[in-house]
Structures are given as structure tokens and as C-alpha cells.
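**Q**
Residue numbers (the UniProt record's numbering): 1 to 209.
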């Protein structure tokens, strides 16, 4: 059975705009973390996405400015190589994107926490099928599911996802990104994800014990 994290929730401070902005942030970060980047994607991020980044609570302007500068400074190959060395490999990755690497005592992929996330999705009729063969607890997939829950305005399920399937390990992942990212772009991706999670804990009034 999936583990249960003891939590206390009081008032959930979410409105239509907050749900929409949270979903938009999740969808973009999911693409940045999961999809193999292309030149067109980097260009779209530079031209549109970073310039219009939604704000929940915490300011992100300084991060976005650094990311835009990095997109102008680095070539596609340099940015793509940073993505690969962090999340893909070959071989050892600088920031393994799968949760069970951090939660399993033997640092195995497809560990118990991965199984529990799959059970959470199955129980709540959430489709996480992907064309790529990946363990389902990939950070990009988990953030995509969170975005789906935000789109559907399901705060209670969002709280469960965060407290049971993301918060137990995401700080370790984010530290790996911050320490090992070569470009300010991917360091910024990690910072934006950290802010998203921090802000949602406030907005959803999550208090983990």
C-alpha cells in the first residue's frame, strides 16, 4: 500500500487564476525536464515563455533574466549537452530525474516509491502513458500530473501528490541540479521548480509533520 504522510491542511488559498498559472508553470517545467530539447523549443522559451512567466507568490524576474541571458550566450549544442549530462547520460547522470533513486536505500530505479506513484495515478484514473520507456516517477512526469490536477482544480489530490510523491525527495534532486548544472538556463529551471513547490505549499496550506 502507498505510504501515508501525516499532514494538516486548513484553508486552501486557490482561485481560478492561481490554478491556471500553476498549471501553466507545471506544463512548461515538465517539458523542460522531460522532453528532449530542440532549437525551436529553446527559441520559443526565449521569445515567449520566460518573458511571460506567471507569478504565484515568490518573484522570479531575476531567475528569468539569467535564463534569457544563458539562452543568448550558449549554443544549442551547449544547452543540449547540459540537459543530457544532468538528466540523460549516457552513463552516470548529474541529477537523476527519478524519485526512487533518492528514496530507495539501494538507489534503484523503479523502486517502491515509483510503484506507489503508479498506484496513485491508477487509483485516480490519471493516464501517464508516454512514448518513451521511462520509470513513471520521472520528475517531468510527476510535474505533468501535478499540472493536470491543477487544470482540473483538484487541490486535495495535488496535496497528496506533493506530500507523498514529490516532497520526500525533490530537495535532493534540486540540489543536484543547482550544483551540477553547467548553464544558468538549467540552474534556472531548478530554481523555478523550487519556487513552484514552495509557493504551492503555501497556497495549499501544506504542513508536513
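Every residue gets a Cβ at the ideal spot worked out from N, C-alpha and C, and that includes glycine. In this text, all values refer to a predicted model and were calculated from it rather than measured experimentally.
Got a sec, what are the start and stop residues for the alpha helix (DSSP H) residue 191 sits in?
**A** Walking along the chain shown from the start, residue 191 turns up at place 191. Where residue 191 is concerned, the enclosing alpha helix (DSSP H) stretches over 184–203.
**Q** Rounded to the nearest angstrom, what separates residue 21 and residue 99 at their Cα positions?
**A** Walking along the chain shown from the start, residue 21 turns up at place 21. Walking along the chain shown from the start, residue 99 turns up at place 99. So the alpha carbons of these two residues sit roughly 25 Å apart.
**Q** Report all residues from its chain with a CB closer than 8 Å to the CB of residue 51; omit the five preceding and five following residues, and keep chain order.
**A** Working through the chain shown from its first residue, we reach residue 51 at position 51. Around residue 51: 64 and 68.
**Q** Would you decide whether residue 152 is buried or exposed? Buried here means 16 or more other CB atoms lie within 10 Å of its CB.
**A** What you label residue 152 is simply residue 152 of the chain shown in a count that begins at 1. The residue is exposed, with fewer than 16 neighbouring Cβ atoms inside 10 Å.
**Q** Looking only at C-alpha atoms, which of 130, 35, 123 and 59 sits nearest to residue 84?
**A** By one-based count along the chain shown, residue 84 stands at place 84. Answer by Cα proximity: 35.
**Q** Quick one: using the 10 Å Cβ neighbour count with 16 as the cut-off for buried, is residue 170 buried or exposed?
**A** Here residue 170 is taken as the residue at index 170 of the chain shown, counted from 1. Buried is the call here.
**Q** So, using beta-carbon positions, are residue 70 and residue 164 closer together than 8 Å?
**A** Taking the chain shown and counting its residues from 1, the one referred to as residue 70 is at position 70. Taking the chain shown and counting its residues from 1, the one referred to as residue 164 is at position 164. Not in contact: residue 70 and residue 164 (Cβ atoms no closer than 8 Å).
**Q** Could you check how far apart the C-beta atoms of residue 137 and residue 114 are, in whole angstroms? I think they sit under 8 Å.
**A** On the chain shown, residue 137 is found 137 positions in, with the first residue counted as 1. On the chain shown, residue 114 is found 114 positions in, with the first residue counted as 1. At roughly 4 Å, the Cβ-Cβ gap stays under 8 Å, so residue 137 and residue 114 are in contact.
**Q** Enumerate in chain order the residues of its own chain whose CB-to-CB distance from residue 42 is below 7 Å, with the five nearest sequence positions on each side excluded.
**A** Taking the chain shown and counting its residues from 1, one reaches residue 42 at position 42. These residues qualify, in order along the chain: 71, 76 and 79.
**Q** Can you name the start and end residues of the alpha helix (DSSP H) that residue 216 belongs to?
**A** As displayed, the chain neither begins before 1 nor continues past 209, which places residue 216 out of reach and without an answer.
**Q** Please confirm whether residue 109 and residue 90 have their CB atoms less than 8 Å apart.
**A** Translated into positions along the chain shown, residue 109 becomes position 109. Translated into positions along the chain shown, residue 90 becomes position 90. No, the Cβ-Cβ distance between residue 109 and residue 90 is not below 8 Å.
**Q** The alpha helix (DSSP H) that contains residue 112, what's its start and end?
**A** As a working mapping, residue 112 is identified with position 112 in the chain shown. Element bounds for residue 112: 112–123.
**Q** If you follow the alpha helix (DSSP H) that residue 107 is in, where does it begin and where does it stop?
**A** Position 107 of the chain shown, counted from the start, is the residue given in the question as residue 107. Run containing residue 107: none; DSSP gives neither H nor E here.
**Q** Look up residue 44 in the DSSP assignment and say whether it is helix, strand or coil.
**A** Walking along the chain shown from the start, residue 44 turns up at place 44. Residue 44: helix per DSSP, three-state reduction.
**Q** Have a look at 207, 203 and 195 and flag the residue whose alpha-carbon is nearest the alpha-carbon of residue 25.
**A** Taking the chain shown and counting its residues from 1, one reaches residue 25 at position 25. Answer by Cα proximity: 195.
**Q** With H, G and I counted as helix, E and B as strand and the rest as coil, what does DSSP make of residue 19?
**A** For this step, residue 19 is matched to residue 19 along the chain shown. In the structure shown, residue 19 sits in a helix (DSSP, three-state: H, G or I).
**Q** Determine whether the beta carbon atoms of residue 158 and residue 149 lie at a separation below 8 Å.
**A** Against the chain shown, residue 158 aligns to sequence position 158. Against the chain shown, residue 149 aligns to sequence position 149. Contact: yes.
**Q** Is residue 173 near residue 102, with beta carbons less than 8 Å apart?
**A** Counting from 1 along the chain shown, the entry for residue 173 is found at position 173. Counting from 1 along the chain shown, the entry for residue 102 is found at position 102. Yes, Cβ-Cβ distance for residue 173 and residue 102 is below 8 Å.
**Q** Can you tell me where the alpha helix (DSSP H) holding residue 166 begins and where it ends?
**A** Taking the first residue of the chain shown as position 1, residue 166 is located at position 166. Here residue 166 belongs to no alpha helix (DSSP H), and DSSP marks it neither H nor E.
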